[in-house]
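Below is one structure; the comments refer to it alone.
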Amino acid sequence: MDPFATLGLVPRFDLDQGELESRYRELQKALHPDKHTGAPASQRRMTLNKAVEVNEAYRTLRDDIKRAQALLALHGNAQASGEREVADPELLMEVMELREALGEAKVRRDLTEVKALAARVDALRAGVRSGLVAAFAALPASAAAAQLSPLAAQVSRLKYYQRFLDEVSAIEDEAEAS
Amino acid sequence: MAYSDKVIEHYEHPLNVGTLDKEDPTVGTGLVGAPACGDVMRLQIKVNPETNVVEDAKFKTFGCGSAIASSSLVTEWVKGKTIDEAMALKNSQIVEELNLPPVKIHCSVLAEDAIKSAIADFRKKQEERKAQASGVAGSTAAQPSVQPQK
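In order, the protein sequence lines correspond to chains A and B.
Position 67 of the first sequence, counted from 1, bears residue number 68 in the working numbering, the numbering being contiguous throughout.
Position 95 of the second sequence, counted from 1, bears residue number 151 in the working numbering, the numbering being contiguous throughout.
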C-alpha cells in the first residue's frame, strides 16, 4: 500500500508536515462514521476500512524512518524488515560505544552526561536526515538498486540513532519517576 | 507477549556480561547489529590457540530481553567447546532452549551471527600471526611481541 497515494500526496522525503497534517484531518473528517450513518452496511464497512488505511498512512508518513522506507519501497527496494543486511562495522562500533557510554551514565545516574550524549546523537541524526533529504531529492524516478542501497544504509543508521534516543527517553522517564 | 521463564532468568541474571581485550590475539570479537530494531550485540571469546577450546566468553548486548537472553545462552554454551563445535551452533537451538516466539527469532539469528563472527575474527588473527611468524616481512622483527600479559 502506497501511503502517499492513500493521502493524495506527492511522494517525497522532505514532506511538509503541515500539509500532511491538514490532508489527514480532511480525510478523517470525510470518512468519520457519523457522516455515513445512513449509508448501506457494505459502504459503511468500506468507509471504515478506508479510515484505517488513512490512519496507517499518516503514521507512516509522519515518521522519518517509516517514510524513507515507504519511499524506498516505491522505488522497488522492498526490503522486508526481518531481512538480514550486512551492517557497516564502523557504524556498529560507533553505536556500541555510544550505548556503553549511555549505560555507564545511567548507572552513575549522571543525567548531565545522558543529556550530552543525547545531544550528540541528535546532531548525528540530524546530519543523516539532511543527507537523506538531498539524496532522495536527487534520486531519479527509475533509480537502480545500486542507487538505493546507500540510502537504505543511511535509513538503518537513523534507526540505530532513534533506538539510542528512545533509550534516553526511557532513562529520563525513569529518573523523573524516582 | 509474555517472555518464557528461561528468557526472564537470563535477562534478570545474565551470565558472562563483560568485555575481553579485543587486542589480545587469542580473543575473537563479534560485533553485530539488527538494523530492523537498532539493537547491537558484542560477543567475545578467548580461545586456547593450542587446543582451539573456548576458555572464556563475554557479551554485551543493548537490546530486548530475548537478545540479551540469546547472547547470554550462547556464551554459556560455547565455553569448553572447540571453535569448530561452536561454529556448528544453530539459531534454532537457541529458539528451542529459550522458547522464543516467532517475532523474536531474529534475536537468536543475531546471537548466531555474533558467535560466528567472533570465531572468524579469532581465526583471522591466528592466520595473521602465523604469516608474521613465518617471517614474511623482515622489517617487523624489531617490533615488540604482542603476547598477552597475564
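Glycine included, C-beta positions come from ideal geometry on N, C-alpha and C.
Run the CB neighbour count on ILE139 of chain B, radius 10 Å, all protein chains shown included, and call it buried at 16 or more, exposed below.
buried
Considering only C-alpha positions, which residue in the set A:ALA119, A:GLU101, A:LEU16 and A:LEU28 is nearest to ALA71 of chain A?
The residue from A:ALA119, A:GLU101, A:LEU16 and A:LEU28 with its alpha-carbon nearest to that of ALA71 of chain A is A:LEU16.
Hey, ILE175 of chain B and GLY84 of chain B: beta-carbon distance below 8 Å or not?
yes
For chain A, find out if any of its Cβ atoms is closer than 8 Å to the Cβ of PRO70 of chain B; answer yes or no.
Taking Cβ atoms only, chain A never reaches closer than 8 Å to PRO70 of chain B, which makes this a no.
Determine the burial state of SER148 of chain B: buried for a count of at least 16 other Cβ atoms within 10 Å of its Cβ, exposed for fewer.
exposed
How big is the Cα-Cα spacing for ALA171 of chain A and LYS116 of chain B?
19 Å
is_contact[CYS120 of chain B, chain A] using C-beta, thresh 8 Å:
no
So with CB distances below 8 Å, who are the chain A contacts of ASP95 of chain B?
ARG164
Every unbroken beta strand (DSSP E) within the stretch 99-170 of chain B, with a cutoff of 3 residues, ordered by chain:
Fully enclosed beta strand (DSSP E) runs of no fewer than 3 residues occupy 110-118 of the stretch 99-170 of chain B, in order along the chain.
Assuming ASN72 of chain B and ALA125 of chain B make a contact with CB atoms under 8 Å, what is their CB distance in whole Å?
With a Cβ gap of about 12 Å, ASN72 of chain B and ALA125 of chain B do not count as contacting.
Any idea what DSSP makes of ALA197 of chain B, helix, strand or coil?
Confidence at ALA197 of chain B is low in this model, with a pLDDT of 48, below 50, so the placement of that residue should be treated as unreliable; the coordinate-derived value is given next. Three-state DSSP puts ALA197 of chain B in a helix.
Here's the rule: buried if 16 or more other CB atoms are within 10 angstroms of the residue's CB, otherwise exposed. What is LYS36 of chain A?
Exposed.
Proximity of ALA90 of chain B and LEU156 of chain B at Cβ, strictly below 8 Å:
Not in contact: ALA90 of chain B and LEU156 of chain B (Cβ atoms no closer than 8 Å).
Which chain A residues sit within Cβ distance under 7 Å of ARG98 of chain B?
MET97
By how many angstroms is the C-alpha of LYS180 of chain B removed from the C-alpha of GLY104 of chain A?
31 Å
Output needed in chain order: residues of the stretch 148-178 of chain A with a Cβ under 7 Å from some Cβ in chain B.
Answer in chain order: SER157, LYS160, TYR161, GLN163 and ARG164.
According to DSSP, simplified to helix, strand and coil, what is ALA90 of chain B?
ALA90 of chain B carries a strand assignment under DSSP once its states are collapsed to helix, strand and coil.
What are the start and end residues of the alpha helix (DSSP H) that includes MET97 of chain A?
90-108
Alpha helix (DSSP H) segment containing VAL169 of chain A, residue limits
146-178
For VAL11 of chain A, does the count of other Cβ atoms within 10 angstroms reach 16, so buried, or fall short, so exposed?
Per the 10 Å Cβ criterion, exposed.
Relative to the C-alpha of TYR162 of chain A, which residue among A:ALA139, A:ARG121 and A:ALA117 is closest?
A:ARG121
Using the Cα positions of PHE5 of chain A and ARG109 of chain A, report the straight-line distance between them to the nearest angstrom.
45 Å
Where VAL122 of chain A sits in the DSSP three-state scheme:
helix
Could you pull out every residue in the same chain whose Cβ sits closer than 8 Å to the Cβ of ALA81 of chain A, ignoring the five residues on either side in sequence?
Because ALA81 of chain A carries a pLDDT of 44, less than 50, the predicted location of this residue cannot be relied on, and no value is offered for it.
Output yes if chain B places a C-beta closer than 8 Å to the C-beta of LEU93 of chain A; else output no.
yes
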